[in-house]
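With our numbering as the guide, the letters of the sequence shown map in order to residues 2 to 979. Here a beta-carbon is modelled for each residue, glycine too, at the ideal position from N, C-alpha and C.
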Amino acid sequence: MTDHLFTLHGDVLAAMRRGPRPFTKLVLALSDDEKPADTRLSHFRDRVLAAGPGDGLVALWHRTLTAWDLAEQADWSAAPARTEARRWDTYERLGFGAGLRKALDSAVPVFKEPGPTVISNEFVSWYSRDAAAARSFYWNAYERLLRAKGWPDTAVSGLDEASHAVVERLSDPTRPEAYGARGLVVGYVQSGKTANFTGVTAKAIDAGYRLVIVLGGTLNLLRGQTQRRLDMELIGQENILRGADPTDPDALVGIDYQEDADWPERFVSHGGRPSALGAFDIERLTTRDDDYKSLLNGIRALEFEKQSRTEPLYAPANLHRAAARIMVVKKNKSVLDKLIKDLKKIGPILSEIPALIIDDESDQASVNTTDPKKWEDGKVARTAINGQISQLLGLLPRAQYVGYTATPFANVFVDPGDGEDIFPRDFLISLPRPTGYMGVQDFHDLETDEGTAEETHVRGIYTDTGDRLQEALDAFVLTGALKLYRAGHGVPEGPFRHHTMLVHESVRMAEHTDLALRINSMWHRAAYTSREGHDRLAALFASDFHRFADTDLPTPDSYEELRSHVSRARQLINAGGTPVLVVNGDTERDYDQPDLDFERTPHVWKILVGGTKLSRGFTVEGLTVTYYRRTTQQADTLMQMGRWFGFRPGYRDLVRLYIGREEPQGKTRTIDLYEAFEAVCRDEETFRAQLTRYAALVDGKPQVTPAQIPPLVSQHLSWIKPSARNKMFNAELVEIRSPGQWVEPTAYPVGAEELRGNVAAWGAALGALSENLSTFVTLDGNDRGGYTRYPAKTAVLGHAQLLEVMSSLAWGRPDLFAPHLAYLRDASDAGCATDDWALLLPQTSGPTSVSASILGSQPLTLVQRKRNARGVFNRISGVAHRQSAERIAGLRSLSDDDPFATQLHRPRRGAVLLYPVVDPSAGSPADLVNDGSIDPGKVVMAAAFIPAASASGKPVPYVRFRAVDSSRAGEATIEVVR
2 MTDHLFTLHG DVLAAMRRGP RPFTKLVLAL SDDEKPADTR LSHFRDRVLA
52 AGPGDGLVAL WHRTLTAWDL AEQADWSAAP ARTEARRWDT YERLGFGAGL
102 RKALDSAVPV FKEPGPTVIS NEFVSWYSRD AAAARSFYWN AYERLLRAKG
152 WPDTAVSGLD EASHAVVERL SDPTRPEAYG ARGLVVGYVQ SGKTANFTGV
202 TAKAIDAGYR LVIVLGGTLN LLRGQTQRRL DMELIGQENI LRGADPTDPD
252 ALVGIDYQED ADWPERFVSH GGRPSALGAF DIERLTTRDD DYKSLLNGIR
302 ALEFEKQSRT EPLYAPANLH RAAARIMVVK KNKSVLDKLI KDLKKIGPIL
352 SEIPALIIDD ESDQASVNTT DPKKWEDGKV ARTAINGQIS QLLGLLPRAQ
402 YVGYTATPFA NVFVDPGDGE DIFPRDFLIS LPRPTGYMGV QDFHDLETDE
452 GTAEETHVRG IYTDTGDRLQ EALDAFVLTG ALKLYRAGHG VPEGPFRHHT
502 MLVHESVRMA EHTDLALRIN SMWHRAAYTS REGHDRLAAL FASDFHRFAD
552 TDLPTPDSYE ELRSHVSRAR QLINAGGTPV LVVNGDTERD YDQPDLDFER
602 TPHVWKILVG GTKLSRGFTV EGLTVTYYRR TTQQADTLMQ MGRWFGFRPG
652 YRDLVRLYIG REEPQGKTRT IDLYEAFEAV CRDEETFRAQ LTRYAALVDG
702 KPQVTPAQIP PLVSQHLSWI KPSARNKMFN AELVEIRSPG QWVEPTAYPV
752 GAEELRGNVA AWGAALGALS ENLSTFVTLD GNDRGGYTRY PAKTAVLGHA
802 QLLEVMSSLA WGRPDLFAPH LAYLRDASDA GCATDDWALL LPQTSGPTSV
852 SASILGSQPL TLVQRKRNAR GVFNRISGVA HRQSAERIAG LRSLSDDDPF
902 ATQLHRPRRG AVLLYPVVDP SAGSPADLVN DGSIDPGKVV MAAAFIPAAS
952 ASGKPVPYVR FRAVDSSRAG EATIEVVR
């Protein structure tokens, strides 16, 4: 039965390519006179209210509204993307009334998760939304495939926006003057970066790029994985077959994927040869099994036919009729040598080819790591792969270079003054954390000491716990059984196809072999078919997996219900006679094991023992249990080891990380790998947060350019360097401006004399605190009337008084607070624009509450905060305390429900939350209090403050830099002089 309303709305929305327009006018123009009800907005509203799951009309509007919500550039709305204000503008332009708006908001809530963060030089606009829509053959095919795979509208629209942001910063492929942009896209470990560069490739070839070179890792396995993804999701059946009859076995000889279980059903189909449909074909210069080779047909495969021989290839008359060439090549010297030699044979037309080089894992092998002090006569010496990339960029003057990585520090430390290198001089784009991604926040309680992430997923290995390896093996068997149980109880079993455990103890290959033998022996002694083995599994199930199971997923109440699945899980793991695979080495041999091929093997249920090669680009499918004890001194190396990050649909509650908490390093010290990971993750999150903060344009100009990014890279753990590159910053961060933004220093000193001095610095402010308590109110964010209260002592400090306090404090890391202090010193409208500060010192009165006088002050509640392995606090302020302070500072609207905050609010007034903190390592607060007082050498006076919000609401520059070496003021990095 035809859905006339769906058809009509499809036609109407197709006419709104440039954005929302008056809906009723278009409906009347396009409607069928025989269906007058279809033109009434009330009819549309009733349909939305009555719609059930899978309603096509609601799905159509879901896609459309989401795309409009997420559009970063919308000439029809001045409101920011992903906001209620943007949606309101949409409804206004459509002419929808309150009832229909409410129905649509209920069916399609505004997606408010953050989008990509862009740090960019100014660029010439050429790739508008209209231009993208006019040539979108391959992007449209890719989008249809993603929707068919079940991608939600928000994910598809988000990918559209992020890939568009990359392509619009490339050079116009039809531009007469050659220019090669350099960019970097930063994702999360195992978070779907391939999907982004597939989208970028689709949009780029649609726009006119005709040679795409994807540098796909250092191993055939990784290269082949990338080739298959591009073939399956972008290039498609017709371009792979190249006219061969798919029903003729003789015609298919030599064409790959004929034995692939996913061919042809899961490979995108264009409905015919693209060139016969008015588009252009894609010619593959590599296949799944064959890397780039010297071309069998000579250089003809890289020659481009011109429709107009008198015009260059980049002229539109030639460009949009020429086939695109795509190759996926390893970062291998001999392979790249062949490619470079073939390109050199082409001759002058090279300068006419708009090319795109995608560098996957761009911080691996691509970065030049030679020592500048060893360069002869100042001439740059390059490592092999870096030199070959430089040659490619030189041979192809219209080549755009876009690196992809989850660990960007090595790339941003590249010398930006080296014009032949890969420094992202034009743009850096940080992708948002994808919905459903299991990352650092799921393993570390970053914002609170009372979270459940560590308790749920992390199992520490200490000296007194033993190595817990047998327990980790038991967990692997149990989680396999639980996946089988869930698959039998209605949970989609696709994500359960593979089930793996990763064991990573050492970088040495000989130790991998010994460890694999040890695990194999433990497995066969584990007695999984005996009462002893079942008792052990039952105990672990009760104490761990049943306790932390996701209540929204089926989980048995007792081990007995799971027992039959344990038997099946053991059989799958032991298939082939061994539960263990060793994956290491620099040769392909270790990666060609059939049991390790996640694409062609129906079920990979194995324990993988390996090292570095399992931590770069290689996706360990179905990873559920990780056993990690390897140490390293580079942050980016440590971060790439985090294979336990990723997407775990249907089993994220089963994921376990067994990690060393007291691993030997050197002869006398031990390190906590879990704390080290947390430190690295915090540095990464801080870096991303700073990029987001400085990405906003001020007066239409970028605040920060890519060349100013390196000083934003932090290093809080002294023994973990951000990257192996030994470079320092030539640009120094001088000032951080924070109007209406929280500043929360966490690096306080530990020495008793410094702590006493800090308490003394706050002495006058403590003396000014009110005797009476003021009660502040924190309202729930869901508008359901919920709230919490907290009492606090208060005072008002003049700006000069607070500045004197802050200037006299001792810090554990003075360099981290110095840029904030520089901002506080400027109280003018161009500075922090704050005349005075409301000081709030929260108090508690529960049975465990402890108060004490500090240097003669009135009794004040002591707060416990624990320092981490870096010697700094994870947080200071209580989340529930911030809302009232934000009202006082003008960041939030005043509320009658929070009267004391309203009373304290003034224009140009900031707020300070102050806490007398006791580190539990110094003892419990009750034990430290003597005759109602506490030694100030045991107290950390810790503060978080928020300057007055800007009254104008106009964005201001957030950062100010200065050059350390004035003779190199335009560069962001200089080499270390040893």
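Review point. How many whole angstroms separate the CB atoms of Leu563 and Phe542, which I take to be in contact at a CB cut-off of 8 angstroms?
Key: 7 angstroms
Exercise for review: Would you mind reading off the limits of the alpha helix (DSSP H) that contains Gly891?
Suggested key: First-last for Gly891: undefined, no H or E at that position.
**Study point:** Val28: first and last residue of the uninterrupted alpha helix (DSSP H) it sits in
**Key:** Phe24 to Leu31
Exercise for review: For Arg726, count neighbouring Cβ atoms within 10 angstroms of its own Cβ and tell me buried if that reaches 16, exposed if not.
Suggested key: Residue confidence is low: Arg726 scores 39 on pLDDT, short of 50, so the model does not pin down where it sits. Its coordinate-derived value is still stated next. Counting Cβ neighbours within 10 Å, Arg726 comes out buried, since at least 16 surround it.
Check your understanding: According to DSSP, which residues form a beta bridge with Gln74?
Key -> Answer is none; Gln74 lacks a bridge partner.
Point to revise | N- and C-terminal bounds of the beta strand (DSSP E) containing Gln666 | key: Glu664 to Gln666
Check your understanding: Can you name, in chain order, every residue of its own chain whose Cβ lies under 6 angstroms from the Cβ of Gly188, other than the five neighbours on each side?
Key -> Lys194, Ala407 and Leu432.
Practice item. Starting from the Cα of Asp360, find the closest Cα among Arg670, Gln401 and Arg498 and give me that residue. Key: Gln401
Review point. Taking Cβ positions, are Ala853 and Ser775 nearer each other than 8 angstroms?
Key: Ser775 is positioned such that its CB atom lies no closer than 8 angstroms to that of Ala853.
Check your understanding: Does the beta-carbon of Gly181 have 16 or more other beta-carbons within 10 angstroms, so that it is buried, or is it exposed?
Key -> buried
Check your understanding: Taking three-plus beta-carbon pairs below 8 angstroms as touching, is the segment 472 to 480 in contact with the segment 668 to 680?
Key -> no
Check your understanding: Which one of Ile347, Glu353 and Leu337 has the shortest CA to CA distance from Ala385?
Key -> Leu337
Point to revise | Expected contact under 8 angstroms - CB spacing of His906 and Pro843 to nearest Å | key: About 18 angstroms separates the two Cβ atoms, so there is no contact after all.
Check your understanding: In angstroms, rounded to a whole number, what distance separates the CA positions of Ser719 and Leu817?
Key -> Legend: pLDDT at Ser719 = 48, less than 50; position of this residue unreliable, value from coordinates given subsequently. Distance between the alpha carbons of Ser719 and Leu817 is about 14 angstroms.
Check your understanding: Where do the ends of the alpha helix (DSSP H) carrying Pro815 lie?
Key -> Where Pro815 is concerned, the enclosing alpha helix (DSSP H) starts and stops at Pro815 to Leu825.
Check your understanding: Nearest to Glu306 by alpha carbon, out of Arg243, Ala753, Leu357 and Ala324?
Key -> Ala324
Exercise for review: Count the other C-beta atoms from every protein chain shown that fall within 10 angstroms of the C-beta of Arg526, then say buried if there are 16 or more, exposed otherwise.
Suggested key: exposed
Check your understanding: Should Val940 and Val760 be called a contact, given that it needs their Cβ atoms to be closer than 8 angstroms?
Key -> Contact flag set, yes.
Point to revise | Under the three-state DSSP convention, the category Asn875 falls into | key: coil
Exercise for review: Starting from Met982, follow its DSSP beta bridges and name the residues at the other end.
Suggested key: Any answer about residue 982 is impossible in this case: the structure gives the chain only from 2 up to 979.
Exercise for review: Determine contact between the segment 90 to 98 and the segment 10 to 30, defined as no fewer than three beta-carbon pairs at a distance below 8 angstroms.
Suggested key: yes
**Study point:** Residue burial classification, Val744 (beta-carbon count within 10 angstroms, cutoff 16)
**Key:** buried
**Study point:** Terminal residues of the alpha helix (DSSP H) in which Ala1 lies
**Key:** Only positions 2 to 979 of the chain appear in the structure, and residue 1 is not among them; the question remains open.
Review point. Say the cut is 7 angstroms; is the CB of Leu29 nearer than that to a heavy atom of the ligand MG?
Key: Here there are no bound small molecules, and the ligand MG is not part of this structure.
Exercise for review: List the endpoints of the continuous beta strand (DSSP E) containing Tyr791.
Suggested key: Tyr788 to Gly799
Point to revise | Under 8 angstroms between C-beta atoms of Thr155 and Thr436 | key: Yes.
Review point. Around the Cβ of Arg18, are there at least 16 other Cβ atoms within 10 angstroms (buried) or fewer (exposed)?
Key: exposed
Point to revise | Rounded straight-line distance, which links the Cα of Arg383 to that of Arg979 | key: Since pLDDT at Arg979 reaches only 31, below the 50 mark, its modelled position is unreliable, and the value read off the structure follows with that caveat. C-alpha separation (whole angstroms): 21 angstroms.
Review point. Exposed or buried, what is Glu144 when buried is set at 16 or more other beta-carbons lying within 10 Å of its beta-carbon?
Key: buried
**Study point:** Burial state of Gln859, where buried means 16 or more other Cβ atoms lie within 10 Å
**Key:** exposed
Check your understanding: Counting along the chain, where does the beta strand (DSSP E) carrying Val190 start and finish?
Key -> Val190 -> no beta strand (DSSP E), and no H or E assigned at all.
Point to revise | Counterpart residues of Ile710 in DSSP-defined beta bridges | key: Partner(s): none; Ile710 has no beta bridge.
Check your understanding: If we count the other Cβ atoms within 10 Å of its Cβ and call it buried at 16 or more, is Asp90 buried or exposed?
Key -> buried
Review point. What residue range is occupied by the uninterrupted beta strand (DSSP E) comprising Arg460?
Key: Val459 to Ile462
Point to revise | Within 8 angstroms, strictly: CB atoms of Ser172 and Val201 | key: No, the pair does not count as a contact, with Cβ atoms beyond the cut-off.
Point to revise | Beta-carbon gap between Pro117 and Glu162 smaller than 8 angstroms | key: Going by C-beta atoms, Pro117 is nearer than 8 angstroms to Glu162.
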